[in-house]
Structure formats: structure tokens, C-alpha cells
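Residue numbers (the working numbering), protein chains in the order written: chain X, -17 to 647; chain W, 96 to 421.
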Amino acid sequence: MKSLPTARLNRLSTLWVVTTLVVSMLPQLVSMPFHLVPITLLPIVWRLIAEFRHWKPIPMIWRVVATVLAVTALVTTYGGLMGRRAAVSMLVLMLSLKLLETFRIRDARIVTSLGLFLCGTQFLFSQGIPMIIYIIACLLSSLIAFMYLQRCEAFSVLGEEPETNRNLLTELGFGASLMALALPVGMTLFLLFPRWGSPLWGLPEDALDARSGLSDSMTPGSIQNLFMDDSPAFRAKFEGGMPNNRDLYWRGPVFWNFDGSSWKVSYLSRNLPADNKPDPKRAFFRYEVQMEPTEQRWLFALDYPALTPRKTKMTVDYQLIASRPVTRLRSYTMASDPNFQDSPVLRQTLLRAALEVPSGFNPRTAEMMSDWRKEAKSDSEIIQRALQYFNRQQFHYTLNPPLLSRHTVDEFLFDTKEGFCEHYASAFTIMMRMAGIPARVVTGYQGGFYNPIGSYVLVRQSDAHAWSEVWVRGSGWTRIDPTAAVAPERVQQGAVESLDQRRYLLDFEWLRSARNTFDLFQRGWNNWVVTFSADRQSRLFSIFGWEFLGPAKLVMAMAGIILISGAIIFLLVPMLLKFRSSKKPDPLLRLWGKFIRKLEKAGFVSHPSMGAMELAANAEGQLEYKGDLIHRIAELYTLCRYSGKTGNEAELTDLINRFQIRSVS
Amino acid sequence: MVTVVTPLPGKSLTNIITDRIKQRVRNKRGPMTPPFELVYRHIFVLPTKFGWGFGVMLIFMALGGLNFNNNMALILVFLLATIAQLTTLIAYRNLSGLKIDSVYAEPVFCGEYAHFRVFVSNGNERQRFAIQAGFRQAQDCKDFKLNSYDSFLLQRPTETRGWLEMPSFRLETRFPLGLFKAWSWIFPQTRCLVYPAPAKKAPPLPKTGHGQSGRATRGDGDEIHGLRKYQPGDSIQRVAWRASARHDELYSLEMETPREDACELDWDSLKGSDVETRLSILTAWVVAADHKQLSYSLILPDTAIPVGKGDSHRSRCLESLALYLL
Chain X
-17 MKSLPTARLN RLSTLWVVTT LVVSMLPQLV SMPFHLVPIT LLPIVWRLIA EFRHWKPIPM
43 IWRVVATVLA VTALVTTYGG LMGRRAAVSM LVLMLSLKLL ETFRIRDARI VTSLGLFLCG
103 TQFLFSQGIP MIIYIIACLL SSLIAFMYLQ RCEAFSVLGE EPETNRNLLT ELGFGASLMA
163 LALPVGMTLF LLFPRWGSPL WGLPEDALDA RSGLSDSMTP GSIQNLFMDD SPAFRAKFEG
223 GMPNNRDLYW RGPVFWNFDG SSWKVSYLSR NLPADNKPDP KRAFFRYEVQ MEPTEQRWLF
283 ALDYPALTPR KTKMTVDYQL IASRPVTRLR SYTMASDPNF QDSPVLRQTL LRAALEVPSG
343 FNPRTAEMMS DWRKEAKSDS EIIQRALQYF NRQQFHYTLN PPLLSRHTVD EFLFDTKEGF
403 CEHYASAFTI MMRMAGIPAR VVTGYQGGFY NPIGSYVLVR QSDAHAWSEV WVRGSGWTRI
463 DPTAAVAPER VQQGAVESLD QRRYLLDFEW LRSARNTFDL FQRGWNNWVV TFSADRQSRL
523 FSIFGWEFLG PAKLVMAMAG IILISGAIIF LLVPMLLKFR SSKKPDPLLR LWGKFIRKLE
583 KAGFVSHPSM GAMELAANAE GQLEYKGDLI HRIAELYTLC RYSGKTGNEA ELTDLINRFQ
643 IRSVS
Chain W
96 MVTVVTPLPG KSLTNIITDR IKQRVRNKRG PMTPPFELVY RHIFVLPTKF GWGFGVMLIF
156 MALGGLNFNN NMALILVFLL ATIAQLTTLI AYRNLSGLKI DSVYAEPVFC GEYAHFRVFV
216 SNGNERQRFA IQAGFRQAQD CKDFKLNSYD SFLLQRPTET RGWLEMPSFR LETRFPLGLF
276 KAWSWIFPQT RCLVYPAPAK KAPPLPKTGH GQSGRATRGD GDEIHGLRKY QPGDSIQRVA
336 WRASARHDEL YSLEMETPRE DACELDWDSL KGSDVETRLS ILTAWVVAAD HKQLSYSLIL
396 PDTAIPVGKG DSHRSRCLES LALYLL
């Protein structure tokens, strides 16, 4: 049955449609480039004013112009439409522009549905606990919008507004009860719906926002930026023993190449596989890492990783490099052997790379180091001397080091003497190389917050750190942390606590500790919901003894479940409903019906309107020879039916059953 | 109330299919005799166009969520899918248990819309929202509170005189989200009497009274009826002085309104026209005579209705005109 195709929106549904759209846009609006926000909001505001001022839709040509302008602004901002943020921003902008022509129910339904789609895309960027509130808000407002749209459509046949005397509370109650009713089945589907072990298509590599994290180069200031960022990098839950806080060195990108200003990952180290891996059996620490997406390929582990997670390789300098960027929360089991001896013998190519110093940079340091070399008897003496140098001279560990120009190491060592961990690591490594000791820079995280309730370690971006490793003949690569020589508290307490200054206005100790404690919920959410995957699902099924279900069998099992439950729904439910809806037929009436059928067989025509005695009188006339019997039956029936006394049923049954008529034909 | 009734749609494929299904349902269920309660087997549920579109969108969202193993997106999809599924039940419940008490239609003249009223009552089970009624297109929409009743107005154009059988109509609801429609076909046994269309340029009413038209009404009037003894209160101007002088008594004039001619609306007086034209002229006469509050009689080849006036007389005449030779 069709309703009017021209059905127009009423005010109530317009307001709810706009609300849904705005709610679903919120996270995107917050993370969009700032100048795109007013462009996105403008059509929404126009539509709201149009609603109250009864404006007409603007002409097509202007809508096209507005669209072209907005898309141009978007493309110039993002430099194209590649990448998730740009694509979702495009969706948001188009939806907002769609409001310019949303005056009909059909358009409003499209807008609201796509608002839900937009809500789905937002989980590509974050699946944190606040998003639960977001999902609820989106669902609630869209359900209410759909409800009012339906109402508006239904009553459009009358050409008048539907009567509505509902308030916000009943509206929200309506949405909430729908959601609450759907929750059990929805969650069951979530757990049981077959998952794909591996994706059919991948995410674009630039998918996430310019997310902070360690990257494949280290320039002065890069870790310092991370220091401002309190978002979690990963969480690690230890089975059994846990190292001291000062030994929590989470290994990430390792740098060999220095070009005078920045450190770069070398092709060689990235592509050579590890010669000799630590024995997992001897690995002392075992832990499960739940890593936030980074858009980079490094996985983090304590020195030295003994396990290689799936689709990951271990390089010669013990970086764990995944085959694809980590674009979503990833969990892996890890074991580390802190006593492992890293490359007691170093091959020539690597030795050369670990000694390389760009020429024409840092002459003062080079001079000092050649002096030290002459004076020293062994490599370890030079190392000790360098550390003492940092410790004894007036070096400062600070968040705001002065800018350095061409000779970064010279200026840092002799002039400014203020720096962050990356300055120290970089300078130390160059010093070592200039003294002829192979050295490299390792970046990663140091320390972490131990959450006693969840008993796991939370490592935040602000725990990012850089240190050095030097190669000593016989004992291999050895970790040296020059920052610890200057500010030992950095390593013992963590980067944020070791500074006196506040990083930003609301940077309070109690706030940080509260946030660290509440991270517990986020971890649980991640653990139970966000990282639920095909693996986890098969582990769940194994509880029921379906341990060896591959994806194909899983699909078959699902199909079976659907078939069985479908059969139940389609066969059993109708039966139940039928049973409920139709009352049991009255036995007396059935008996009477039988009698009438017998009469009709003999050619008698009965009408539903006839009463029992009337029918009998008619039948007597037609079938005279049975007249008395018919009369008696009708009398008995009337007695049973209306007298309220019992006792005549048996005779009636008997008479009717024995009633026989010869066919008249 | 603005009601748009479009002409009957032509034989499109969907209409043919719908008609087939309707026919089958009708054969199975038979016509309904009110009061009639909608129960499980009367109600069908299918997605609407919007429902299909929404389903396709959900499939795409699920594909994306599964591919990226994005669990919150999947939760959203599964919740939406379950809610959508749930609305089938809600739509069904919105219709089930509704009781059709009666359906009736006032007679109309051909060319006017036949108005069918469907009286529906709701028990104390639940409130019902946005229930539409219509033949092919929805024509009316109502909410039902607990223990309430209301009527749907369904309209149908009329093309010929005689009985117009009310076609089957549907009660439909897309409550709550418009994703699914639940509907029920109802096969009423109601018919609407369609009188012939009154002729637009009918000849004037024939003034051929035949004696049975009764007496003139006495009282104030223009013509003199007779004399009677003067009674106090009679107007002095009505006193018949001459007669009074002759009889030593006061007489006053009794006045009367002249007797209207009863018209005789006779089929045979309309020679040379075809049946329908004659019927429509006779109809126009009946309407005109009734309007002027004249008494009239109607003579058709198969019936003769004696002189009379008033609503029931009018209906009787119009009915025999409507059903002439049918």
C-alpha cells in the first residue's frame, strides 16, 4: 500500500533527523581540521532556520555550487580523498550538504541511515569506552527519528500532522526499550557470528590520524612531542615475574644511520633476519601485550624478544617488524630473555654501519673523542668516561631544550647542555662512534604504570624513550642509557614524574593516577570486546567442544543453527500463536454442526441466521418422515445450550450420531 | 480533510501479482463477516522499500566490520539488525487483535465517491499507532488508544448505477520504524447503492396530478375556502360583512393555500430516450421534487411507487431507479 510519494517532513521529525546527524558527526567534527568544521555545520544551521522560518529548498544550481566548493575545500585540506579521515570527512560533508535538500521523508531516511553508517565508520578510529556512549546516543536518536518519520509518513495520507503528545522521556524510553530488548540477541550474534580469520582487503596505510608514536626516524624533538601525549601505547600483563621499573626497556625502532641531523632506520638492519634468537624456554619474562594501533610496523617487547608473533619478523637488531602496519588493536604473547647475548660476533657490514659518522659535522666532539681514545686503555673506559662526563658537567634533563643548528652534537655537548633523552642518546652514540666503538640508537618506551588492580603495566606515549647500545667485543651489544646518568629518576620513576614542571594546565599528579587506575576498564573492554576475533571465537567454541572448527565448518554450523532456529520460529511460534488466538471449539457446537451437515447431505439448505428450532421446523417440512427425530434433536440441543442444566448431552450425542437420512436424489 | 483518490491503477505486473495473491487469500479465508478480529493467520509482514535499503546498508557495514574485525562496528550492526527484526514482531502486534466491528456505506449518486466507513475497535491489550487503511493506496490513518473505537473512511469512485461491491481493502501498519509493513487483506461483504446520476438539464417537473394528491391545507392563504362563524381573534379584515348582515351573525372568511399538484414521474412520459437517460431524468425529477417538498409518485415499467414524500419515499424511489433492470 503506497503512501503519498510527496510526503513532507514535519518539524518534529526534522529536528530528530538533524539531531541524529549531529550526534553521529561529533567525533569526526572534533578530529577534523578546524576550518572544515564551520563548512560542515553551515548547511545544518541553514536547515534548522529553514524549518522555523518555512524557507523553501534552495535551487539545485546553488546546491551544486555549494557541493563543489565544499569538496574543493576538503580536497585541498587533505590533498586528495585517500585515507580514512579524508573519506569519512567527505561522507560527513556530503551528509551535511544533503540536508539542504532534505524536505521529504525519503531523503530524511537516507540521511538518518547514513548517520548510522557514519557512526560505524568512527570505530575505525577509536574503540575506546567513551564510544559506548556515542553508540548509544546514535542509536537512540536514530530510532526516535525513524519512529517519527514513520509516523509522519503514515499520517501524510490525511494531509495533516500526526497527533503527538509525547515528551522526551517517553521518546527516550521507546528507543531504550528497543535497544534493551535487542541487546541479548545482538550480543549472541556478536559472539557466534562467523568471523574472518584474515581480512579480504586491507586498510589504507595512512588510515589513522597523524597518530603520535615512534616512527622510522628520530630527529631532535620527535620524542619530546610524544612526551605531551598521555594516550596509551600498549599494555602488558605479565605471567609470573615482572622486571623492575628501571629494567622495563621496551624495544622499538633501532637506528644506525645518522645524517648529521636525524637518525634513520637502515635498510640493512631492517631486512636482515636475526641470526640467533633467544631460546623461548629460557625466556624469563612472559607477558601478553595489547597494543594500540600505531600505523607503524614495529611491535614492542622487552629486551630480548624470544617469540615472533604471527606475520612478524625479527631483525638482526631484534626489532619486531610486522608485515603490515598495525592499524587496529593487536594482542600478542611475548617472552623475553634479559640475559641473552646479542651478537658476540659482529659481521663486517654491520660493524661498518655502526661506526659510520657523517663527515663535516661536529668537529669539536671529534677532537675530544680522539683525545679520549688516546688516553683510554679500553673501550669500557671511554664509555665510563662519557657517562661521567654527562653526570659531572652541568647537563640538564629538560622538556624545553634550546634549538640546535648545524653541529647538533657539538652545540649540545659544549654549549647548551640541556636536552631530552633523544639528545643524550644521539650525542652519546656519536661520541662512541667517533671513539671507534660501534654504537646505535634504540628507541622505544621505558617504564610504565603498574596497575595493581588489573595487575598489568600500562605504557603511555609519554613513556617514549631513546637510549644507546654499544658493541663490546666478547659480550656483544650492551645497553647504555645516557639519560640515566643525567637524570636517574627518569628511569626509576618515569618521564613525567621526573620533571618539576607541569606539561600543560591540567597536568596534575592525582589526575594522572586516577586516569591510570581507570585505564583498567579500558583494558577490560579491549580485552573482551575490541580484540575479539576469529581466534578468540574458536577458543570460545572450544568450551562447547567444537575445538577443530575451521571457518568453513563454522559457517556450516552457523547455517545449521540458523536453520534449526528458523524452523522453530516458523513452525513452533505459529502453532503457539494459533493455540492462543483461537479458542477451543465448543463441543456442543461441533455436534450441532455435524447434524446440520447430515441434513445438508440430504439436500436441505440451512442458513447461518437460522436458530435451532427454526432450522428444525424447516427441516421437518422437507424431511417429513424424520420429522419427530429432527424435532427431538433440536429440542435437546436447545435444552443443552440454554437451560443451564446438564444431563442431556449423552442422549443428544447418541441421537445425532445415529441420525441417518437417505439421500434425496 | 484532503483525500486524494487516484483512479484505479492499470494492470501492472505488481498489481497482477497482488491480485493473484489476494485471490488465493480470499479463496482460503472467505469473505469476512463483522465483527471480525485480526489474528495471526490474517497478518502478513514484509520489509518495505526502505527496509530493504536499510538491510543492504547493514550488510555493507557488517562486511566492513568483519573485514577489519572492528568489533564495535559489528556490535552496532548486530544491534541494528536485531532491532529491525524486533520491529517485525512489533508491527505484527500492532495489528493483531484489532476488531472490525462493521463496514457500511451510504448510497451515493453515480459519479460521486462512494464512502465506505470501517468501524474498528481496540481492546485493552495494547495501544496501537499509525494504522492505515486503503484499497491500493492508503487513504486513512488512525491511532487507537486502549478500549477505543474509531472509523476509517475509504473512498471509491463510482461509474455505474446499481450495487457497488466494496473491494477488498487492507489495514496496514509500518510502526515503529517503517522498516517492515504488517498488513491484512480484508474482504468485506458490504455494498454501496449507487443511484443514477441526476440529469444536468432535466425537463421541468411534470405537473400532472391525478386526484390522489390530497386536500389543500387550510389556514392562511391566498384563496377563499369558505365561511365560518366568527371566532374571537379572527382578523377584522377577514370578516365577511355581507354574509354577516344577511344572517345576523358574524362570519369570517376562511382562507386556504391552494393544493399543490402531485407530480407523477412517469417513465412513459419520456419517450424517445434510452434507458439510462430516462433514469437519470427521473432521478433528477425525484431530487427536484423532494427538494421542493412536493409529493410525487414514480412509475417505472416494472414498478409503481404511489404518491408520497419524505426521506424514506425518496430512498425508495431512488433505489428502484438505481436497480431498474439489474
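For each residue, glycine too, the CB sits at the ideal point set by N, CA and C.
Since the structure is predicted, the reported quantities are computational estimates derived from the model, not experimental observations.
query                                                                                                                                                                                                         : result
Looking at C-alpha atoms only, which residue of X:M169, X:A162, X:L573 and X:Y432 is the closest neighbour of P214 of chain X?                                                                                : X:Y432
Can you check whether the CB of Q376 of chain X is closer than 8 Å to the CB of K399 of chain X?                                                                                                              : yes
With 8 Å as the threshold, decide whether the Cβ of L140 of chain X is near any Cβ in chain W.                                                                                                                : yes
In this structure, how does DSSP classify F396 of chain X when only helix, strand and coil are distinguished?                                                                                                 : helix
In the DSSP assignment, find the unbroken alpha helix (DSSP H) run with N498 of chain X in it and report its ends.                                                                                            : E491 to W507
Spell out whether any CB of chain W is found under 8 Å from the CB atom of C689 of chain X.                                                                                                                   : Absent from the model: residue 689 of chain X. The displayed extent of chain X is -17 to 647, so no value can be given.
With 16 other CB atoms within 10 Å as the buried threshold, where does N639 of chain X fall?                                                                                                                  : exposed
Closer than 8 Å, Cβ to Cβ, to anything on chain X: give me those residues from the stretch 167 to 181 of chain W, in chain order.                                                                             : M167, A168, L169, I170, L171, V172, F173, L174, L175, A176, T177, I178, Q180 and L181
Quick check on M14 of chain X: does DSSP put it in helix, strand or coil?                                                                                                                                     : coil
Strictly under 8 Å for the Cβ-Cβ distance: is S(-5) of chain X near chain W by that measure?                                                                                                                  : no
What's the call for I331 of chain W, buried or exposed, on a 16-neighbour Cβ count within 10 Å?                                                                                                               : exposed
Using a Cβ-Cβ cut-off of 8 Å, state whether L272 of chain W counts as contacting chain X.                                                                                                                     : yes
Along chain W, which residues have their Cβ under 9 Å away from the Cβ of E145 of chain X?                                                                                                                    : D238
Please state if the CB of V271 of chain X and the CB of A218 of chain X are separated by a distance shorter than 8 Å.                                                                                         : yes
Hey, out of X:N508, X:L634, X:Q519 and X:V236, whose CA is closest to R310 of chain X's CA?                                                                                                                   : X:N508
Need the endpoints of the beta strand (DSSP E) that P235 of chain X sits in, please.                                                                                                                          : Y231 to F237
Are P301 of chain W and E371 of chain W close, meaning C-beta to C-beta below 8 Å?                                                                                                                            : no
Mind listing which residues of the stretch 308 to 341 of chain X have their C-beta closer than 7 Å to chain W's C-betas, in chain order?                                                                      : R310
Between X:P15, X:Q132, X:V247 and X:L24, which has its C-alpha nearest T143 of chain W's C-alpha?                                                                                                             : X:Q132
Which term fits V151 of chain W, buried or exposed, when burial requires 16 or more other beta carbons within 10 angstroms of its beta carbon?                                                                : exposed
I'd like to know whether the C-beta of G97 of chain X is nearer than 8 Å to at least one C-beta of chain W.                                                                                                   : no
Can you tell me where the alpha helix (DSSP H) with N207 of chain X in it begins and where it stops?                                                                                                          : S204 to F209
Cα separation between I281 of chain W and L259 of chain W?                                                                                                                                                    : 16 Å
Less than 8 Å between the C-beta atoms of W362 of chain W and P396 of chain W, yes or no?                                                                                                                     : yes
Which stretch, first to last residue, makes up the beta strand (DSSP E) that contains S450 of chain X?                                                                                                        : A446 to V454
With H, G and I counted as helix, E and B as strand and the rest as coil, what does DSSP make of F270 of chain W?                                                                                             : coil
On the CB-based measure, 16 or more other CB atoms within 10 Å of its CB, does V99 of chain W come out buried or exposed?                                                                                     : Here the model assigns V99 of chain W a pLDDT of 42, short of 50, so the residue's position is not dependable and the matter cannot be decided.
Between W37 of chain X and L18 of chain X, what straight-line distance do the alpha-carbon atoms span, to the nearest angstrom?                                                                               : 25 Å
Going by CA-CA distance only, name the one from X:L3, X:A632 and X:T59 that's closest to Y116 of chain X.                                                                                                     : X:L3
Alpha carbons only, please: which of X:L(-9), X:A158, X:E142 and X:Q428 is nearest the one belonging to I178 of chain W?                                                                                      : X:A158
Counting pairs of beta carbons, one from the stretch 240 to 251 of chain W and one from the stretch 92 to 104 of chain X, are three or more of them closer than 8 Å?                                          : no
Please report how far the alpha carbon of F237 of chain X lies from the alpha carbon of V339 of chain X, in whole angstroms.                                                                                  : 13 Å
Chain X beta carbons: is any one of them nearer than 8 Å to that of G160 of chain W?                                                                                                                          : yes
Does the stretch 239 to 259 of chain X come into contact with the stretch 170 to 177 of chain X, if we say contact requires no fewer than three beta-carbon pairs (one atom in each stretch) closer than 8 Å? : no
Among X:S204, X:R252 and X:L328, which residue has its Cα nearest to the Cα of I303 of chain X?                                                                                                               : X:R252
Report, in whole angstroms, the separation of the C-beta atoms of P25 of chain X and L73 of chain X, which I expect to be a contact under 8 Å.                                                                : About 14 Å; that fails the 8 Å criterion.
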